[in-house]
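Numbering (my numbering), first residue to last: 63 to 532.
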């Protein structure tokens, strides 16, 4: 392998080498890419504030001090390696840089997995030994402003680039430190792209558009990795451009294509235990920021009380996401979260039924396909309990079925109560295909749909039945 190869670079970039580079960067000895600029011009800027030119100058100076012979290509490789080690996730950084990777999971020094394009696969990355994995976890925790040691063996943090970190030290983790890194992909997909990718059935496009434009309060539910954030970002991109959206998150994942979005990010306590900012605090603060729409990236605790209060006090068009395995499970999930805030079951039922207009539930198939599977309404049952009743159901192929609550939801949205029925009732339909031709209706998952086609989609719906067998 050449001098610019990975193995020689890793061998040269040892702990002492990195310490020298950090010292040059933090002392201000390299400012603007010039060695010897002196501390007066940039002392205290710290490695995180260093530019690419400054990192290159620090690496070059360290190489020359050591008397190493490194060519221009080798120097470029060293700069990349040092940047990964000082600012990034070290030997895991190239995995996080892959746009198709959402999660990097470390179970051991030679047991590193990624979720790539929706599927878990094992990589060939080797991290040295168990001590190296621990050292990496401790460094990343420190980069996120958190401590990770025997007294605090678990950590949840957000790295400077937005990557979400979770780590567990032994003996809480058996054998080796466990690391979970979730990359934040800020590119927002449009509704058109969701249709093309099979996430959204074409027949559901008019429905989600109407939900957004009518300022319905929406709860997006689904299991982990089902695409809740992706769908929510696409929906927010449909908000009129003259409206102000305030997004509240633990990590900056939501990036809708909208000209007026402001973000509030929760913050963990620092190593001294101070400085914590809760999501509930941020929901309250957002109401003083003249929001047209308040959006909570994920409802996972006592902040559900503040969200319900906000949506019940005239802040229409709000959205939130919540973890649930089915739309019907959302009431139990909300009740459990609200209990953390001291709300009774009756109080949750009354507030949630008034606050939320619809639930959009996503599913993920074993092959990694994500799709909007249910559109449901939130209401109180005859006995006063909170319930979520299906209005529309879609399968992974994009076939949509009408369910009991569609009559109520369609009336609210001003959409046809039945949709074109066509051959299902034995009656001619304007959208029915000629005999022998492929019928109009939901496109197969993954079909390529252009923007004009999506705008003309008519909700071809299959009436009757629950569709649970599809």
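Just so it is clear, CB atoms sit at the ideal spot from N, CA and C, and this is done for glycine as well. None of the values given here were measured: they were computed from a predicted structure.
Let me confirm a value: residue i is counted as buried when at least 16 other C-beta atoms fall within 10 Å, else exposed. Which label applies?
{"i": "residue 186", "result": "exposed"}
{"i": "residue 236", "result": "exposed"}
{"i": "residue 295", "result": "buried"}
{"i": "residue 77", "result": "exposed"}
{"i": "residue 126", "result": "exposed"}
{"i": "residue 212", "result": "exposed"}
{"i": "residue 303", "result": "exposed"}
{"i": "residue 264", "result": "buried"}
{"i": "residue 489", "result": "Confidence at residue 489 is low in this model, with a pLDDT of 34, below 50, so its placement is unreliable and no value can be given for it."}
{"i": "residue 206", "result": "buried"}
{"i": "residue 286", "result": "exposed"}
{"i": "residue 419", "result": "buried"}
{"i": "residue 523", "result": "Interpretation of residue 523 is limited by its pLDDT of 47, a score under 50 that renders its predicted location unreliable; no figure is taken from the coordinates."}
{"i": "residue 425", "result": "buried"}
{"i": "residue 398", "result": "exposed"}
{"i": "residue 324", "result": "exposed"}
{"i": "residue 411", "result": "buried"}
{"i": "residue 203", "result": "buried"}
{"i": "residue 406", "result": "exposed"}
{"i": "residue 476", "result": "exposed"}
{"i": "residue 473", "result": "exposed"}
{"i": "residue 528", "result": "Confidence in residue 528 is poor, its pLDDT being 38 and thus under 50, which makes the residue's placement unreliable; the coordinate value appears in the next sentence. Residue 528 is exposed by the Cβ-count criterion."}
{"i": "residue 355", "result": "buried"}
{"i": "residue 446", "result": "exposed"}
{"i": "residue 569", "result": "Absent from the model: residue 569. The displayed extent of the chain is 63 to 532, so no value can be given."}
Residue i and residue j: beta carbons closer than 9 Å?
{"i": "residue 283", "j": "residue 198", "result": "no"}
{"i": "residue 191", "j": "residue 171", "result": "yes"}
{"i": "residue 349", "j": "residue 322", "result": "no"}
{"i": "residue 242", "j": "residue 258", "result": "no"}
{"i": "residue 413", "j": "residue 387", "result": "no"}
{"i": "residue 434", "j": "residue 453", "result": "no"}
{"i": "residue 311", "j": "residue 358", "result": "yes"}
{"i": "residue 162", "j": "residue 179", "result": "yes"}
{"i": "residue 245", "j": "residue 158", "result": "yes"}
{"i": "residue 227", "j": "residue 217", "result": "yes"}
{"i": "residue 444", "j": "residue 465", "result": "no"}
{"i": "residue 379", "j": "residue 247", "result": "no"}
{"i": "residue 210", "j": "residue 200", "result": "yes"}
{"i": "residue 118", "j": "residue 137", "result": "yes"}
{"i": "residue 279", "j": "residue 417", "result": "yes"}
{"i": "residue 346", "j": "residue 368", "result": "yes"}
{"i": "residue 269", "j": "residue 253", "result": "no"}
{"i": "residue 256", "j": "residue 440", "result": "no"}
{"i": "residue 396", "j": "residue 448", "result": "yes"}
{"i": "residue 114", "j": "residue 132", "result": "no"}
{"i": "residue 144", "j": "residue 174", "result": "no"}
{"i": "residue 429", "j": "residue 181", "result": "yes"}
Between the Cα of residue i and those of the options, spot the shortest distance and give me the residue it belongs to.
{"i": "residue 361", "options": "465, 257, 344 and 375", "result": "344"}
{"i": "residue 314", "options": "256, 220 and 363", "result": "220"}
{"i": "residue 195", "options": "176, 168 and 179", "result": "168"}
{"i": "residue 363", "options": "327, 403 and 390", "result": "403"}
{"i": "residue 177", "options": "392, 128, 431 and 473", "result": "431"}
{"i": "residue 124", "options": "81, 135, 134 and 113", "result": "81"}
{"i": "residue 309", "options": "436, 193, 326 and 189", "result": "326"}
{"i": "residue 165", "options": "183, 148 and 369", "result": "183"}
{"i": "residue 382", "options": "144, 143 and 307", "result": "307"}
{"i": "residue 334", "options": "120, 208 and 89", "result": "208"}
{"i": "residue 471", "options": "337, 273 and 447", "result": "273"}
{"i": "residue 84", "options": "135, 133, 128 and 149", "result": "149"}
{"i": "residue 385", "options": "291, 114 and 355", "result": "291"}
{"i": "residue 260", "options": "479, 473, 461 and 480", "result": "461"}
{"i": "residue 289", "options": "332, 266 and 262", "result": "262"}
{"i": "residue 193", "options": "174, 239, 156 and 225", "result": "239"}
{"i": "residue 319", "options": "393, 328, 299 and 442", "result": "299"}
{"i": "residue 222", "options": "79, 135 and 146", "result": "146"}
{"i": "residue 459", "options": "341, 408, 266 and 336", "result": "266"}
{"i": "residue 451", "options": "224, 415 and 174", "result": "415"}
{"i": "residue 436", "options": "468, 409 and 154", "result": "468"}
{"i": "residue 341", "options": "351, 329 and 352", "result": "329"}
{"i": "residue 370", "options": "160, 400 and 479", "result": "400"}
Per DSSP, what are the beta-bridge partners of residue i in this structure?
{"i": "residue 284", "result": "385"}
{"i": "residue 454", "result": "437 and 464"}
{"i": "residue 423", "result": "283 and 436"}
{"i": "residue 357", "result": "309 and 381"}
{"i": "residue 145", "result": "Answer is none; residue 145 lacks a bridge partner."}
{"i": "residue 448", "result": "442"}
Identify every run of the alpha helix (DSSP H) within the segment 161-243, keeping only runs that are complete inside it and at least 4 residues long; order them along the chain.
You should have 192-205.
Mind pulling the beta strand (DSSP E) runs of 3 or more residues that sit fully within the segment 315-355?
Qualifying beta strand (DSSP E) stretches, in chain order: 323-327.
Mind pulling the alpha helix (DSSP H) runs of 4 or more residues that sit fully within the segment 255-279?
The qualifying runs are 267-275.
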